[in-house]
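Undergrad:
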Amino acid sequence: MLKQIMLHCWPFDGWDPVGSTHFLVEWFPAIQNKGRKGDKEDALACVKWAKAKDDQGELSKYLTPRLSDIDKVQVASEGWVLGIL
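Note that the sequence shown covers residues -12 to 72 in this note's numbering.
1. Whole angstroms is fine: what's the gap from LYS24's alpha carbon to LEU72's?
2. What is the rounded straight-line gap between the Cα of GLN61 and the Cα of LYS40?
3. Could you check how far apart the C-beta atoms of ALA32 and PRO16 are, in whole angstroms? I think they sit under 8 Å.
4. State the CB to CB distance for the pair TRP(-3) and LEU11, rounded to an integer number of angstroms; the pair is presumed to be in contact (CB under 8 Å).
5. Return the residue from the list SER47, ALA30, LYS(-10) that minimises the CA-CA distance to VAL5.
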């Protein structure tokens, strides 16, 4: 039997996924992947980037970027790319 897994869809479910064990983000792999290109390499580069930022205590600033009120309204309908401040 499959368990229901709570999934936080960032940023639509809120900027701070505290308490969520799984969360979904949008990436722009070219920002993190400076090496070999391909789906597998892009995914690995993004995950390594996020882990490094988390290990350095810096991931939260990327999950909660400083945005103007106008930008927040736009992001509510269009989303945001993790890794952009």
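Beta carbons are placed, not taken as given, at the ideal position from N, Cα and C, and that holds for glycine.
TA: Per the coordinate set shown:
1. What you label residue 24 is simply residue 37 of the sequence shown in a count that begins at 1. What you label residue 72 is simply residue 85 of the sequence shown in a count that begins at 1. Distance between the alpha carbons of LYS24 and LEU72: 24 Å.
2. Mapped onto the sequence shown, residue 61 falls at position 74. Mapped onto the sequence shown, residue 40 falls at position 53. For GLN61 and LYS40, the distance between alpha carbons rounds to 26 Å.
3. Along the sequence shown, read from residue 1 onward, the residue named residue 32 stands at position 45. Along the sequence shown, read from residue 1 onward, the residue named residue 16 stands at position 29. Their Cβ separation, rounded to whole angstroms, is 6 Å, which keeps ALA32 and PRO16 in contact under 8 Å.
4. In the sequence shown, counting from the first residue as 1, residue -3 sits at position 10. In the sequence shown, counting from the first residue as 1, residue 11 sits at position 24. Yes, TRP(-3) and LEU11 are in contact; Cβ-Cβ is about 6 Å, under 8 Å.
5. Numbered from its first residue, the sequence shown carries residue 5 at position 18. Among SER47, ALA30, LYS(-10), the Cα nearest to that of VAL5 is on SER47.
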